[in-house]
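Okay, structure first, notes after.
Residue numbers (full-length UniProt numbering): 1 to 237.
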């Protein structure tokens with residue numbers, strides 16, 4: 001599948017999963033999309049690459065005259081700021097299972113820290129090198145257990161909140177965050193993503209922007225279902 005508008009992209013993700021599982025079953029195999037199926041190796045991610053386009057088809061994230069030298073528009077920086085502001089709180093949606101947080105640990109390529117950069121792959125958000133029509137932001141935390149319709153809804157809402165309220169993105173972090181000490185991360189204003197589904201659910205309850213993206217019905221039922229899932233997990237030794 002190529003890139004597409006947000007709804008078509010969600011449909012494509014679901015079709016891809018169905019096709020892979022069906023073909024695997026026909027060959028006596030089971031295809032899993034769980035975030036961390038095996039200890040000791042990197043898990044499975046579903047990185048989301050996002051761009052906004054104007055009505056006349058131009059990439060709204062591209063600005064050749066960017067004073068910061070990244071060739072990104074003000075809207076791109078604001079969208080980035082919104083993604084980062086709400087990152088801790090929307091993680092329950094983008095990483096919705098107990099197993100999701102087995103992937104979000106240092107040392108296995110998955111992002112753990114809320115920061116952004118260009119070529120650096122240790123932060124949460126990366127700006128791939130392509131510019132012009134290919135200018136985009138890559139959010140690296142999302143995993144394949146996420147419902148793509150819900151995940152992209154909250155990501156879009158977070159980014160648009162950044163544009164509407166002109167939320168400034170912090171400075172990029174080009175250092176390898178995995179090798180930074182706690183003190184160095186704190187000094188740079190780098191926070192961790194939630195370490196468990198339980199913590200992620202508590203954060204979700206504090207963010208009205210993310211809740212609004214889901215709608216009250218989905219938000220309430222999602223929260224109830226995930227609380228039951230966590231409680232069930234917590235009862236086992």
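By construction, the Cβ of each residue, glycine as well, lies at the ideal position given by its N, Cα and C atoms.
- Contact annotation: residue 145 and residue 179 have beta-carbon atoms that are not nearer than 7 Å.
- Per DSSP, the unbroken alpha helix (DSSP H) holding residue 84 starts and ends at 74-85.
- Three or more Cβ pairs drawn from the stretch 66-79 and the stretch 133-148 lie within less than 8 Å of each other, which places the two stretches in contact.
- The alpha-carbon separation between residue 44 and residue 124 amounts to approximately 15 Å.
- Listed in chain order, the non-local C-beta contacts of residue 20 below 7 Å within the same chain comprise 31, local neighbours out to five positions each way being set aside.
- Here residue 87 is near residue 114, since their CB atoms are less than 7 Å apart.
- Here residue 28 is not near residue 81, since their CB atoms are 7 Å or more apart.
- Residue 121 sits away from residue 47, with the two beta carbons spaced by 7 Å or more.
- Counting every other CB atom within 10 Å of its CB across the protein chains shown gives residue 91 a total of 16 or more, marking it as buried.
- Pairing residue 38 with residue 23, the inter-Cα distance amounts to about 22 Å.
- DSSP, read as helix, strand or coil, puts residue 167 in coil.
- Collapsing the DSSP output to three states places residue 193 in coil.
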